[in-house]
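Structure first, commentary second.
Residue numbers (my numbering): 28 to 781.
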């Protein structure tokens, strides 16, 4: 190994070509598994594998026996009631998007919840109707059973048309469920990574525009036919404005009043959510008041408003899907399956990160697939999860899917007993409630400027997705957007390749450590290379490979340390710990405390940097800790990331990379990035990537520069004996190290390099 001489190093070696280098340093021959090897491993069966598969297929077997009844049941009951009320109203409202009678929306809010309770892996999402999916299914319904068929039809004909539309919606739902189930069985859950945040945002915004336009006919009570074809939104608007003089003023006034009330109260819920024990159930309140007014004022008779009408009580017998419909709706079923899974998994992932538990993308596909199969069999329509409904379930204290099953009980009560109370409710009220949930989606227009400043490719993908979905329709638009996004990926990137490097031949050459025998790895240092661009599709892959390479999850270590600090502070306050020259000594019997007590329902605080300023001693995490306090060991002090092959970093990856680097920095692991090009650094500065924890000083020209810098700092650290600190009676846990431009580390001493 070349020794550092001041800030310089001298290299004396021949100029190597690839052939000459491989001749001088013999490569190891490693056997690479073939496709058949992986296939044999996949189909190999053992009792342990069978048990693992069974537990994965039925997650309820794992979490239900561990349910903390006394601690969680009250929160789940409150959450279930609130979520159930919202689910009833959203089921009725979203049924209008599908162009089926409102009562069938209740089936879509009931059956998927029961299935997800058994097969789902998320504890917080609320399965059921979602406006985007409802609109996509509604497009297939209108295409196969157009409104023109109902013109001048008798009451009997109208009933037959409704039944035919229900059958089409159920068949499309059944088909999408089969597709999701098959994708889950073949472990195709990773497909969600190819739906970038920009594409999902642009698509859901376009869907919100379609929902807005489709509800205008209910708000104005105009006979507008469906146009499920390219540029159909333009034809729909043309039909609406050509009949605008025939607007039912009572429905219009009701819609505007309801929209105003819902928007104002939802804004209050967002602004004062920290002070409110639970969000104000404005949808439920408005529905009750509107139904009472409509009943006692007799709005249907006096003003000829359109009402929900009699809701069918009980359930229909399960039916088989229409084979003819399945053949005509393969594209609709596939797009519905993908979009429904993408939205549900994205929401589930947000709450799994917030509450620190894992979710399985393949199992989620299976759960929603089975939910749609069952729901379609009972004449429901496609389900996913609505952001607003899931937000209610989580914000009102829901801990597990027990809250979901209780919400299904509320829907069941409405279906079997009290559905008749909603008969006088105006359809314009349901349309306004559906639009009241679109605010978040429509506000996504603001992302265009943000994305343009961070990554122009992401911004262009957003705009193309939005325009394609608006003008070509949701099904064709989604396909066009995916094709465009994949085109940008093909242009900009290669297949991700991540390796752990080591020094070869005691020189400044670093290669894959698995390929050579004559290697040297500096102690406590990991060198990690990503040989491709880093973007939305491979940033999770990059993070997982980095965590595998270093041997620990930095976020888990950070949370464990912060939990340990909470316990140490508590024990010091109670007098159960005493500071001695030998460290912290327990002076009382150790009392076990659950993880829930230590968390104190403030998970976010565990992700913050460790703060020891209020402690009388600085904790050395590598030394022995007091009884009952354990944290994972971290055996490395520095990580070098070789970014010489990273040509770009998009906005989605930038956020996760920054988060990952901070997690390592917060557990006192120094991060260095070597070989990044100048444009890369400029982009990071423009995107506000750097802060107090992530600094530009971590970038080095080459890997060897970074290694020699670390070795030089090691020498400085080794020479600092810290005698004044020890003379004050402090233990070896209290360390002061001169930084000299490098962040201080506790008890970090390297052995001399070769």
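Ideal Cβ placement from N, Cα and C applies to all residues, glycine included.
- DSSP places residue 356 outside both helix and strand once states are collapsed to three, so it counts as coil.
- DSSP places residue 67 in the uninterrupted alpha helix (DSSP H) bounded by 62-70.
- Listed in chain order, the non-local C-beta contacts of residue 317 below 8 Å within the same chain comprise 281, 285, 452, 453, 456, local neighbours out to five positions each way being set aside.
- Looking at 199, 643, 510, the one whose alpha-carbon comes closest to that of residue 221 is 510.
- Your pair residue 665 and residue 692 does not check out as a contact, with CB atoms roughly 11 Å apart and the cut at 8 Å.
- For residue 555, the enclosing beta strand (DSSP E) starts and ends at 552-557.
- Between the segment 135-153 and the segment 470-490 there are fewer than three inter-stretch CB-CB distances shorter than 8 Å, so the stretches are not counted as touching.
- Contact between residue 450 and residue 377 fails: their C-beta atoms lie close to 38 Å from each other, not under 8 Å.
- Taking 7 Å as the cut-off, the beta carbon of residue 694 is found no closer than this to the beta carbon of residue 594.
- For residue 197, the CB contacts under 6 Å within the same chain, skipping 5 residues up- and downstream, are 403, 406 in chain order.
- Around the beta carbon of residue 709, a 10 Å sphere encloses fewer than 16 other beta carbons of the protein chains shown; the residue is thus reported as exposed.
- Counted as a single uninterrupted DSSP element, the beta strand (DSSP E) harbouring residue 666 occupies residues 665-669.
- Nearest to residue 159 by alpha-carbon distance, out of 706, 323, 412, 473, is 412.
- Below 8 Å, enough C-beta pairs join the segment 733-740 and the segment 545-562 to call them touching: three or more.
- In the structure shown, residue 453 falls within a strand segment according to DSSP collapsed to helix, strand and coil.
- Collapsing the DSSP output to three states places residue 698 in a strand.
- Nearest to residue 392 by C-alpha distance, out of 139, 508, 512, 301, is 139.
- When only Cα atoms are considered, residue 54 and residue 533 end up about 16 Å apart.
- Fewer than three Cβ pairs drawn from the segment 125-135 and the segment 463-471 lie within less than 8 Å of each other, which leaves the two stretches out of contact.
- Its Cα nearest to that of residue 242, the residue 122 stands out among 122, 150, 200, 301.
- Residue 195 sits close to residue 172, with the two beta carbons spaced by under 7 Å.
- Membership of residue 537 in any alpha helix (DSSP H) is not indicated; the residue belongs instead to the beta strand (DSSP E) covering 537-539.
- Annotated three-state conformation of residue 155 is strand, per DSSP.
- For the pair residue 398 and residue 379, the CB atoms are not nearer than the 7 Å cut-off.
- Among the bridge pairs identified by DSSP, residue 547 is matched with 530.
- Look at residue 412 here: in three-state DSSP terms it is strand.
- DSSP places residue 317 in the uninterrupted alpha helix (DSSP H) bounded by 309-324.
- Per DSSP, residue 134 is one residue of the alpha helix (DSSP H) stretching across 130-135.
- In this structure, residue 155 lies away from residue 389, with their beta-carbon atoms at least 7 Å apart.
- For residue 150, the number of other beta carbons within 10 angstroms of its own is at least 16, and it is reported as buried.
- Within the segment 422-450, no run of beta strand (DSSP E) reaches 3 residues while sitting entirely inside it.
- Listed in chain order, the alpha helix (DSSP H) elements of length 4 or more contained wholly in the segment 186-273 are 224-247, 259-269.
- Between residue 153 and residue 110, the C-beta spacing is below 7 Å.
- Taken through DSSP and simplified to helix, strand or coil, residue 475 comes out as helix.
- Of the residues assessed, residue 237 falls on the buried side of the cut-off, its CB having 16 or more other CB atoms within 10 angstroms.
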